[in-house]
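To start, the structure itself, in structure tokens.
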Amino acid sequence: MKRLKITVTILLMIISIKIIYAQDNIPQIPLTGDSYGSESNNGVLGGLGSTGRYAAIGHNSLLNPAITGSVEAWIYLTAYNESTSCIVQKGSTFLFGVGSNGINHKLFVNANGTVFSSIDPVPLNRWVHVAVSWLQGSPNSLVTFTMDGNPNGAQSLATVWANNTDSLTIGGSKIFSSAYVNGFVDEVRLWSTTRSAGEIARTRFIGVGDGPAANQSSALTSNEDYKYLLTSWTFNIGGLAYEDINNLVGVYRGGSGAQFTNILGQPVPYNLAMYFPGNINSHLRVPNNSAFNLTGGGTIEAWVYCNPPGGYTIISKGSSAANTTFRLYIQGNGLLSLQLGNSSNFAGIVPFQKWSHIAVAWAGAGGGNYAVKFYINGKFINQQLLATSIPITNDPLRIGNLQWDANNNFNGYMDELRIWSREMTQIEIKANMFNSTRSQTLIGPLVASWDFEGNLNNITTTAGINGTFNTGAANTCRFSGYLNETTTGPISDIFDGHPTTINRKENPSNPFPGGFSLKAPDLTIPAGTTVYDTIYIPGNVSINDVEVFLSVQQPSVAGVIAKLKAPNGQERSLVSINGGQGNGILTFFKDGTTPLSTFNAPWSYLAAPYQAFNLFGLTSPQGNWVLSVQNTAGQPEGKLLGWGLRINNSVTGVQPVSGNVPEKFSLEQNYPNPFNPVTSIKFSVPNESDVKLTVYDLLGKEVMLLVNEKLTAGNYKVELDGSGLSSGTYFYKLETRNFSETRRMILVK
Numbered sequence: 183m184k185r186l187k188i189t190v191t192i193l194l195m196i197i198s199i200k201i202i203y204a205q206d207n208i209p210q211i212p213l214t215g216d217s218y219g220s221e222s223n224n225g226v227l228g229g230l231g232s233t234g235r236y237a238a239i240g241h242n243s244l245l246n247p248a249i250t251g252s253v254e255a256w257i258y259l260t261a262y263n264e265s266t267s268c269i270v271q272k273g274s275t276f277l278f279g280v281g282s283n284g285i286n287h288k289l290f291v292n293a294n295g296t297v298f299s300s301i302d303p304v305p306l307n308r309w310v311h312v313a314v315s316w317l318q319g320s321p322n323s324l325v326t327f328t329m330d331g332n333p334n335g336a337q338s339l340a341t342v343w344a345n346n347t348d349s350l351t352i353g354g355s356k357i358f359s360s361a362y363v364n365g366f367v368d369e370v371r372l373w374s375t376t377r378s379a380g381e382i383a384r385t386r387f388i389g390v391g392d393g394p395a396a397n398q399s400s401a402l403t404s405n406e407d408y409k410y411l412l413t414s415w416t417f418n419i420g421g422l423a424y425e426d427i428n429n430l431v432g433v434y435r436g437g438s439g440a441q442f443t444n445i446l447g448q449p450v451p452y453n454l455a456m457y458f459p460g461n462i463n464s465h466l467r468v469p470n471n472s473a474f475n476l477t478g479g480g481t482i483e484a485w486v487y488c489n490p491p492g493g494y495t496i497i498s499k500g501s502s503a504a505n506t507t508f509r510l511y512i513q514g515n516g517l518l519s520l521q522l523g524n525s526s527n528f529a530g531i532v533p534f535q536k537w538s539h540i541a542v543a544w545a546g547a548g549g550g551n552y553a554v555k556f557y558i559n560g561k562f563i564n565q566q567l568l569a570t571s572i573p574i575t576n577d578p579l580r581i582g583n584l585q586w587d588a589n590n591n592f593n594g595y596m597d598e599l600r601i602w603s604r605e606m607t608q609i610e611i612k613a614n615m616f617n618s619t620r621s622q623t624l625i626g627p628l629v630a631s632w633d634f635e636g637n638l639n640n641i642t643t644t645a646g647i648n649g650t651f652n653t654g655a656a657n658t659c660r661f662s663g664y665l666n667e668t669t670t671g672p673i674s675d676i677f678d679g680h681p682t683t684i685n686r687k688e689n690p691s692n693p694f695p696g697g698f699s700l701k702a703p704d705l706t707i708p709a710g711t712t713v714y715d716t717i718y719i720p721g722n723v724s725i726n727d728v729e730v731f732l733s734v735q736q737p738s739v740a741g742v743i744a745k746l747k748a749p750n751g752q753e754r755s756l757v758s759i760n761g762g763q764g765n766g767i768l769t770f771f772k773d774g775t776t777p778l779s780t781f782n783a784p785w786s787y788l789a790a791p792y793q794a795f796n797l798f799g800l801t802s803p804q805g806n807w808v809l810s811v812q813n814t815a816g817q818p819e820g821k822l823l824g825w826g827l828r829i830n831n832s833v834t835g836v837q838p839v840s841g842n843v844p845e846k847f848s849l850e851q852n853y854p855n856p857f858n859p860v861t862s863i864k865f866s867v868p869n870e871s872d873v874k875l876t877v878y879d880l881l882g883k884e885v886m887l888l889v890n891e892k893l894t895a896g897n898y899k900v901e902l903d904g905s906g907l908s909s910g911t912y913f914y915k916l917e918t919r920n921f922s923e924t925r926r927m928i929l930v931k
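So for the sequence shown, the numbering used here puts the first residue at 183; every next one is plus one.
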């Protein structure tokens, strides 16, 4: 049986959701796959290393050194510059950089002619976080240096500070033409406070801002960690050096600019999350919007990492119990719970200190009842009935807090919080759970999505629902790159990332999840055991490429051995106790991409497997593919959350093309017809049904299985790619329990 496109284990329906960003669609930027980064690119400032190459920002009084202040950046030096490496300079009165051999390549600050320096030299050929803080005084000023989150010297010297009206330069000097950085610079931030080493350490692995109007009405700088932040250049956009705290946008000079290649060991991970400390003032607020009036039905989902003892509100809307529009929360014993109006119900236990995906969907069941379905890690837990009415109020939405209970505050981490305007099916929930909203391939009517990638912006088309840290009191939430981000020292494989969602962005189309056969088995892996899971790939076509998606929760990846066995019995290792002490795996494995050793766990969005696939020695992918994940002895318990296969660079699946419920089953004529080699087939399903769409040749032999899954009511379209078929006449047949229709099509090559 031939088949070009994979029949997925979870048949995936894709609908594009437009994500609004003022600097979108810049054609010169390559498509990469970070969730962090305003273009799904975690860029760096590159193209430096010679005269006149730097980013320049026009004068603003905010850029002159304040009485108390700090400057920080990530730098990657490929070689020392014996004429000085300028990191940040403001005219002739302030320069922060790496010195020449004369001061042993230490960090230094030249404050109007007075030079302060650190203790240790800056290492070469790795990312190093550097910072300087000062307290101006008379006659002496105190200057302290920090390297990789650790204090690295302090000096008190007589200094006369001075301001100027010159531009600020990053990565090179306008005044001293030979004072440039050999290498890369990233995440440059200026502050109006003397930051401690501890403050610097816990915020070094994130970006801040990186979105249009991200700090409107002090949405970010009302937070305790960011309240003295003046500027944040993330270098995640080409064209200009955008800055979204005070809109101090710069230009790139001399061929410098944002670069998006994977620089070895890039320290800011490809996915960020939000940390909630669990107190009443530390939550997020979102303005009221009619889109939240989900009286007919809705779904709320998120990734959560809960610290004990429990009793957490994830999201709520309502100033009292009686007028609560909705409230998703986790009880003290871990029970996943939903409140609508003055009624609530629960099902399923969310574990503590493990990342879990949760989703709760509701729909009107008649007679004043709502049918509520609970899901954990894609598994359907239970359905409960709620007898209630959903009140419509003007109350703001709160994330991580309950307005009418001071003791029900979220404690832990949260990521990819989404609200949908109808009850989502289990198929849709599974298809979406690993997929970043930034991928633009989520399924369903998405109302709101906050992914916490350095800002609180909603990234759907619903206007006016960006979040804010401004709660009127001290808010100590913060963006988070790692669970153990307060650990000091160089970036290494000891850091525990947030392996929740991933963005498999590819030009011209994002293939995830639509091009994958995808499963979410949610299998526990005790120490010293191996779990197995199987995906069957139909279609006797020639094989030319294999790609594997893998999501594993494991506190120490160094204890994981993951292998994939092809239908012919050949086996390849995806990972083999080579992930270091970091936690979790969340990546796509593909031959010819960057080796795992380049990244820290959970690695990049795309990496090479431990053993090259080499097509597994196959000529056809048809048959059972078996994944094994071993948790070696002595390791903590792990989980296989999800995995998937992509064969021959497939990008399409079945797509819902209309939310209207049709009156009857129907199968339309394919278009175009005749075709070469791609055509579209549309069909309609009036009620939830098991649907099969099959292609046959003139002899009645099945050559493709396009759809074989339970679908909800709707109008659908599936693309057929006939690249692997011969020219000729074919028939395609739509079958359900009570309906069957066949049409003819012609492939002309």
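The beta carbon of each residue, even a glycine, is placed where N, CA and C say it ideally should be.
Residue i, enclosing alpha helix (DSSP H) - first and last residue
i: N614; result: Q608 to M615
Residues bridged to residue i (per DSSP)
i: V739; result: For V739, which the question treats as bridged, DSSP gives no partner whatsoever.
i: R467; result: R580 and T650
i: V310; result: I257
i: Y424; result: Paired residue(s): none; Y424 is not in a bridge.
i: T413; result: L372
i: Y557; result: A541 and F562
i: R828; result: E729
i: Y595; result: Y457 and Y487
i: N551; result: G548 and A569
Residue i: first and last residue of the uninterrupted beta strand (DSSP E) it sits in
i: G380; result: Not the beta strand (DSSP E): G380 falls in the alpha helix (DSSP H), residues A379 to R384.
i: H539; result: S538 to G548
i: V433; result: V433 to R435
i: K561; result: K561 to A569
i: E635; result: Element bounds for E635: n/a, residue is neither H nor E.
i: A455; result: A455 to P459
i: I928; result: S922 to L929
i: E406; result: First-last for E406: undefined, no H or E at that position.
i: D302; result: T296 to P303
Sequence-distant residues of its chain with Cβ nearer than 7 Å to residue i (five each side left out)
i: R926; result: T911 and F913
i: G129; result: Lying before the first or after the last residue shown, residue 129 is absent from the chain, which here runs from 183 to 931.
i: I707; result: V713, V811, N813, E819, G820, K821 and L822
i: T668; result: A383 and R384
i: G523; result: T506, T570, S571, I572 and P573
i: W602; result: G480, T481, G626, P627, L628 and V629
i: S400; result: N652
i: G663; result: F387, I388, V450, P451 and L454
i: A704; result: The question names Ala, yet the displayed sequence has Asp at residue 704. N559, G560, K561, K821 and L823.
Own chain partners of residue i with C-beta closer than 8 Å, once the 5 adjacent residues on each side are dropped
i: R919; result: S871 and D872
i: H465; result: F458, R580, I581, G582, N583, N591, F592, T653, N657 and C659
i: N334; result: L289, S300, I301, D302, F327 and T328
i: D216; result: S222, N223, N224, Y452, N453, N685 and Y787
Neighbourhood of residue i by C-beta, 6 Å cutoff - its chain only, sequence neighbours within 5 removed
i: P209; result: With a pLDDT of only 28 at P209, under 50, the local geometry of the prediction cannot be trusted, and no value is derived from it.
i: N489; result: N593 and G594
i: Q318; result: I249 and W343
i: K915; result: T876 and T924
i: Q271; result: L277, T351 and S355
i: G436; result: G234 and R235
i: P672; result: D330
i: T375; result: T250 and Y410
i: N831; result: D727
Report task. Could I get the ranges of all uninterrupted beta strand (DSSP E) runs contained in the segment 833-906, with 3 residues as the minimum, in chain order? Result -> Fully enclosed beta strand (DSSP E) runs of 3 or longer: 836-840, 860-867, 871-878, 884-893 and 896-903.
Query - Completely contained beta strand (DSSP E) runs for the segment 725-807, where each covers 3 or more residues - result: 728-735, 742-747, 753-758 and 767-772
Query raised in the report: Which parts of the segment 658-719 are runs of the alpha helix (DSSP H), unbroken and 4 residues or longer, counting only runs that do not cross its ends?
Result: none
Report task. Taking only runs that begin and end inside the segment 329-376, name each unbroken alpha helix (DSSP H) of 4 or more residues, in chain order. Result -> Restricting attention to alpha helix (DSSP H) runs no shorter than 4 residues, the segment 329-376 encloses none.
Query raised in the report: Touch check for the segment 435-454 and the segment 503-521: three-plus C-beta pairs under 8 Å?
Result: Counting Cβ pairs under 8 Å, fewer than three are found: no touch.
Query raised in the report: Which ranges would you report for the beta strand (DSSP E) in the segment 214-277 if only whole runs of at least 3 residues count?
Result: 226-228, 236-239, 250-259 and 267-272
Query - Completely contained beta strand (DSSP E) runs for the segment 483-535, where each covers 3 or more residues - result: 494-499, 508-512, 517-522 and 525-531
Query raised in the report: Per the contact definition of three or more C-beta pairs closer than 8 Å, is the segment 762-778 in contact with the segment 674-688?
Result: Because the criterion of three Cβ pairs below 8 Å is met, the segment 674-688 and the segment 762-778 touch.
Report task. Report yes or no: do the segment 484-501 and the segment 533-540 share at least 3 C-beta pairs separated by less than 8 Å? Result -> yes
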